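To start, the structure under review is shown below, and the notes come after it.
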Amino acid sequence: MQKFLIIQTAFLGDVILATPLISALAEKYPACEIDFLLRKGNESIIANNPNLRQVYTFDKKNKWKALFSLIKQFRSRKYDEIINLHRFGSSGLISVLSGAKNLTGFKKNPFSIFYQHKIIHQYKENWHEVDRNLCCIQHHGNFSSKKPSLFPSIQDDNAVEKYRKNNYICIFPASVWFTKQLPKEKWIELCNHFDSSIKILLLGSKSDFDLCEEIKAKTTHSNSENISGFFTLLQVASLVKTAKMNFVNDSGPMHIASAMNAPCTAFFCSTSTTFGFTPLSDLSFIFEKTPKPSCKPCGLHGFKACPKKHFMCGELNMQSVYEHIKKFL
Numbered sequence: 139m140q141k142f143l144i145i146q147t148a149f150l151g152d153v154i155l156a157t158p159l160i161s162a163l164a165e166k167y168p169a170c171e172i173d174f175l176l177r178k179g180n181e182s183i184i185a186n187n188p189n190l191r192q193v194y195t196f197d198k199k200n201k202w203k204a205l206f207s208l209i210k211q212f213r214s215r216k217y218d219e220i221i222n223l224h225r226f227g228s229s230g231l232i233s234v235l236s237g238a239k240n241l242t243g244f245k246k247n248p249f250s251i252f253y254q255h256k257i258i259h260q261y262k263e264n265w266h267e268v269d270r271n272l273c274c275i276q277h278h279g280n281f282s283s284k285k286p287s288l289f290p291s292i293q294d295d296n297a298v299e300k301y302r303k304n305n306y307i308c309i310f311p312a313s314v315w316f317t318k319q320l321p322k323e324k325w326i327e328l329c330n331h332f333d334s335s336i337k338i339l340l341l342g343s344k345s346d347f348d349l350c351e352e353i354k355a356k357t358t359h360s361n362s363e364n365i366s367g368f369f370t371l372l373q374v375a376s377l378v379k380t381a382k383m384n385f386v387n388d389s390g391p392m393h394i395a396s397a398m399n400a401p402c403t404a405f406f407c408s409t410s411t412t413f414g415f416t417p418l419s420d421l422s423f424i425f426e427k428t429p430k431p432s433c434k435p436c437g438l439h440g441f442k443a444c445p446k447k448h449f450m451c452g453e454l455n456m457q458s459v460y461e462h463i464k465k466f467l
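Residue numbers (our numbering): 139 to 467.
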């Protein structure tokens, strides 16, 4: 029986986009054991995954203590292979010192010199992050592209059941990065376009509550509710699944929608679709500023403020957005 450890200690969306790797390995080796290491705080998003034996967390606030504790645990597991999707030093060090028979990961990792399988991380046209991740197991065979997957429980479904009684849309207005976030004025403008027969649910983390409350207070739409921070990640995933549409930035909620194959409208401000982090839902739309500002994209993750101090990439035409998607509501 083969034992695998997958490492992805980056952001929430990165963890979601690693789930196709889990299902691919489980299909190839039905009797294998798969463990997963992620950043502390993200563990709830992959709860209930039937193909995972155990989920480990890396507490980056106590980095060195956590790192050596994990190494000790992993050495006792005697993994056949560690697949490190993270490209930075801490995860590489964990991989190298964990005593696995084989190490696989991206060549950009500073510890990849010790890997048996080094994968070149590159951006190709029409190539998604899912495809890049699957390259890390290409030595096990050919794997077709897969959608990410999440597994809300019956209890998660029940927790949001009362909202399903409405004809509703979900709006996630916040992002960790300012330049990836559509300006609040644009969210308010979008809300104003919807008929009051459509319930608007404003969602996000607890820290996003004030932003959602301001949008709710300033929109002319009379049927909106701020439930930011009320639910767990999988409860949010359950709610997203049955929404008429989910409006998101280039951020974690977009990948939650992809994993639930839920309708999704994504706004790409400072980032670019060419990076390979686009929505994967069957019904999905992407809107960007046109013509594209010459400075876009200004970075892979975005910034806390516009480097050029104009934020032209956030000046989207919300009337055009509404006219395009209204027939799908």
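Cβ coordinates follow ideal geometry from the N, Cα and C atoms, glycine included.
It should be emphasised that the depicted structure is a prediction, and the values quoted were computed from it without experimental measurement.
Exercise. Does the beta-carbon distance from ASP388 to PHE369 come in below 8 angstroms?
Worked result: The residue given as residue 388 occupies position 250 in the sequence shown. The residue given as residue 369 occupies position 231 in the sequence shown. No.
Exercise. Thinking C-beta only, is CYS451 closer than 8 angstroms to SER408?
Worked result: The residue you call residue 408 lines up with position 270 of the sequence shown. The residue you call residue 451 lines up with position 313 of the sequence shown. Yes.
For this session: With DSSP as the reference, please indicate the residues paired to ARG177 in a beta bridge.
Result: Numbered from 1 along the sequence shown, position 39 holds the residue referred to as residue 177. According to DSSP, ARG177 bridges with PHE196.
Problem set entry | Nonlocal neighbours in the same chain, by C-beta distance under 6 angstroms from PHE174, ignoring five residues either side | Residue 174 sits at position 36 when you count from the first residue of the sequence shown. Excluding positions up to five away in sequence, the list reads ILE144, LEU190, VAL193.
Problem set entry | Option nearest LEU309 by Cα separation, candidates PHE347, CYS444, THR416, GLN140 | Counted from its first residue, the sequence shown places residue 309 at position 171. It should be noted that the sequence gives Ile, not Leu, for residue 309. Among PHE347, CYS444, THR416, GLN140, the Cα nearest to that of ILE309 belongs to PHE347.
For this session: Determine the extent of the alpha helix (DSSP H) in which LYS203 is found, giving its start and end residues.
Result: Locating residue 203 in the sequence shown gives position 65, counting from the first residue. Here the alpha helix (DSSP H) through LYS203 covers 201 to 215.
Problem set entry | Cβ pair THR403, ARG302 closer than 8 angstroms | Taking the sequence shown and counting its residues from 1, one reaches residue 403 at position 265. Taking the sequence shown and counting its residues from 1, one reaches residue 302 at position 164. No; because the gap between Cβ atoms is not below 8 angstroms, this pair is not in contact.
For this session: Counting only the same chain and skipping the five closest in sequence on each side, list residues whose C-beta sits under 8 angstroms from that of ASP294.
Result: Within the sequence shown, residue 294 is the residue found at index 156, counting from 1. Excluding positions up to five away in sequence, the list reads THR370, LEU372, GLN373, ALA375, SER376.
For this session: Measure the beta-carbon distance from LYS262 to LYS245 and round it to whole angstroms, keeping in mind my assumption that it falls under 8 angstroms.
Result: Working through the sequence shown from its first residue, we reach residue 262 at position 124. Working through the sequence shown from its first residue, we reach residue 245 at position 107. Contact doesn't hold; Cβ gap of about 16 angstroms is too wide.
Exercise. Is LYS141 helix, strand or coil by DSSP?
Worked result: Taking the sequence shown and counting its residues from 1, the one referred to as residue 141 is at position 3. DSSP places LYS141 in strand when its eight states are reduced to three.
For this session: Can you tell me which of the three DSSP states ALA297 falls into?
Result: As a position in the sequence shown, residue 297 is number 159, starting the count at 1. ALA297: helix per DSSP, three-state reduction.
For this session: Counting only the same chain and skipping the five closest in sequence on each side, list residues whose C-beta sits under 8 angstroms from that of GLY227.
Result: Within the sequence shown, the letter at position 89 stands for residue 227. Here the set comprises ASN247, PRO248, PHE249.
For this session: Return the CA-CA distance between LEU320 and ILE394, expressed in angstroms with no decimal places.
Result: The residue labelled residue 320 in the question sits at position 182 within the sequence shown. The residue labelled residue 394 in the question sits at position 256 within the sequence shown. Near 18 angstroms, if we compare the C-alpha coordinates of ILE394 and LEU320.
For this session: Assign SER410 to one of two classes, buried (16 or more other C-beta atoms within 10 Å of its C-beta) or exposed (fewer than that).
Result: Taking the sequence shown and counting its residues from 1, the one referred to as residue 410 is at position 272. With 16 or more Cβ atoms within 10 Å of its Cβ, SER410 is classed as buried.
Problem set entry | ILE402 (DSSP reduced to helix, strand or coil) | Along the sequence shown, read from residue 1 onward, the residue named residue 402 stands at position 264. A small correction: the amino acid at residue 402 is Cys; Ile does not occupy that position in the sequence shown. Note: CYS402 maps to strand in three-state DSSP.
For this session: Compare the C-alpha of LEU223 against each of ILE160, VAL386, GLU165, LYS201 and name the closest.
Result: Within the sequence shown, numbered from 1, the residue matching residue 223 stands at position 85. Comparing Cα positions, the closest option is ILE160.
For this session: Note the first and the last residue of the continuous alpha helix (DSSP H) segment covering ASN330.
Result: Against the sequence shown, residue 330 aligns to sequence position 192. Element bounds for ASN330: 322 to 331.
Problem set entry | LEU205 versus THR357 - alpha carbon distance | Here residue 205 is taken as the residue at index 67 of the sequence shown, counted from 1. Here residue 357 is taken as the residue at index 219 of the sequence shown, counted from 1. Computed Cα separation, rounded: 47 angstroms.
Problem set entry | Which listed residue (GLU165, LYS446, LEU438) has its alpha carbon closest to that of PRO431 | Numbered from its first residue, the sequence shown carries residue 431 at position 293. Closest by alpha carbon: LYS446.
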